[in-house]
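Report on the following structure.
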Amino acid sequence: MARTSLIVLLAFNAVSALGGGVGVMGDAIGLPLSWLRLTPFHSYLVPGIALFAVVGGSAAVALAAVAWRLWSPVWPAAASGVIMVGWIVAEVIWIRQFSWLQLAYLVTGTAVLALAPHAVPPRAVGRPLGSPR
754 MARTSLIVLL AFNAVSALGG GVGVMGDAIG LPLSWLRLTP FHSYLVPGIA LFAVVGGSAA
814 VALAAVAWRL WSPVWPAAAS GVIMVGWIVA EVIWIRQFSW LQLAYLVTGT AVLALAPHAV
874 PPRAVGRPLG SPR
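Each residue of the sequence shown is one higher than the last, beginning at 754 in the working numbering.
Right under this line is the structure:
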């Protein structure tokens, strides 16, 4: 159950950050430039690329690692949660705006971080690589 919840959260975070990154880069979302006044950015291009590549990319890699049991999936999942939480905290500090969406993504990032230890199915823990199930 925890692993399935983690997969659902990672899929949600990946799809929304990848889509959001494209929307921000292409100005399809229509965010006001005034929100960038306290940031080092003059347009949403670089933040959009970061949202797509770093936030969306980390969630997509973690999703693949957890869903297909690649590598050690705990670390990519935990990193994805930390990246999401860090992104939201930095966003709130820099743009000085707060919305329910930020709260929702803060919750999903925290939940991913909390569920990361459950990324490996219990039967796989402690079993030597390549041993029979």
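C-beta atoms are modelled at their ideal positions from N, C-alpha and C, and glycine is treated no differently.
Exercise. DSSP three-state call for Tyr-858: helix, strand or coil?
Worked result: helix
Problem set entry | Identity of the residue in Tyr-797, Gly-774 and Pro-793 nearest Pro-785 by Cα | Measuring from the Cα of Pro-785, the nearest candidate turns out to be Tyr-797.
Exercise. Going by alpha carbons, who is nearest to Ala-721 out of Ala-867, Ser-758, Ala-864 and Ala-767?
Worked result: Lying outside 754 to 886, the shown extent of the chain, residue 721 is not represented and no answer is given.
Exercise. Thr-757 by DSSP, collapsed to three states: which one?
Worked result: helix
Exercise. Which stretch, first to last residue, makes up the alpha helix (DSSP H) that contains Val-814?
Worked result: Counting along the chain, Val-814 sits inside the alpha helix (DSSP H) bounded by residues 810-820.
For this session: Enumerate in chain order the residues of its own chain whose CB-to-CB distance from Trp-847 is below 6 Å, with the five nearest sequence positions on each side excluded.
Result: Counting only Cβ-Cβ distances below 6 Å, and skipping sequence neighbours, we find Leu-791 and Thr-792.
For this session: Quick one: give me the first and last residue of the alpha helix (DSSP H) that Ser-833 is part of.
Result: 827-848
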